[in-house]
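Here is the structure we will look at.
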Amino acid sequence: MPVSSTKDRVTGAEPTADVARILDNAQVPHVLWGRLAFGLEIEFVIPDDHLESATNTLSTAGFPRCTNPNRINLGYGRARPVPDIHFHIELRYPDCTVLSLLAKPVTLW
Ligand SMILES: [Zn+2]
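Okay, so the sequence shown: first residue is 1 according to full-length UniProt numbering, each after it adds one.
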């Protein structure tokens with residue numbers, strides 16, 4: 001089976017790379033965070049003063065922001081901060097559900 005087949009792809013790698021490239025191009029500092037290995041929710045930590053820029057940049061790039069805090073999945077024993085901003089990305093990336101942005105001070109120190 002070719003390495004590039006859907007079955008052999010690392011779940012979440014494509015949207016993670018896309019978001020990192022979009023934020024790089026917008027010169028928004030970011031750190032990949034969270035449970036990427038599960039491929040359901042991709043989390044990036046963004047400095048506070050860049051959070052609005054990151055949100056606007058990703059919205060402009062076609063990521064649909066969700067403003068309903070009750071619509072994010074907080075199940076499966078979430079033991080980490082609730083994201084400041086989130087986007088539902090399952091229509092664009094069927095292997096993933098949510099792209100989350102977390103403010104840096106809340107998350108890292
Ligand atoms: Zn939501």
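Every residue gets a Cβ at the ideal spot worked out from N, C-alpha and C, and that includes glycine.
- The beta strand (DSSP E) runs lying completely inside the region 20-73 and spanning 3 residues or more are 31-33 and 41-46, given in chain order.
- About 5 Å separates the Cβ atoms of Glu41 and Val98, confirming a contact at the 8 Å cut-off.
- The Cβ atoms of Pro105 and Asp48 lie closer than 8 Å to each other.
- Cβ contact annotation for Val45 (same chain, cutoff 7 Å, sequence separation greater than five): His30, Val31, Trp33, Leu102, Lys104, Thr107 and Leu108, in chain order.
- When the Cα atoms are used, Ala17 and Asp24 turn out to be separated by approximately 10 Å.
- Rounded to whole angstroms, His50 and Phe87 show a C-alpha spacing of 17 Å.
- It is roughly 14 Å from the alpha-carbon of Gly12 to the alpha-carbon of Arg21.
- Annotation for Leu58: no residue places its beta carbon closer than 6 Å to its own, counting only its chain and skipping 5 residues before and after.
- Between Gly62 and Ile85, the alpha-carbon positions lie close to 15 Å from each other.
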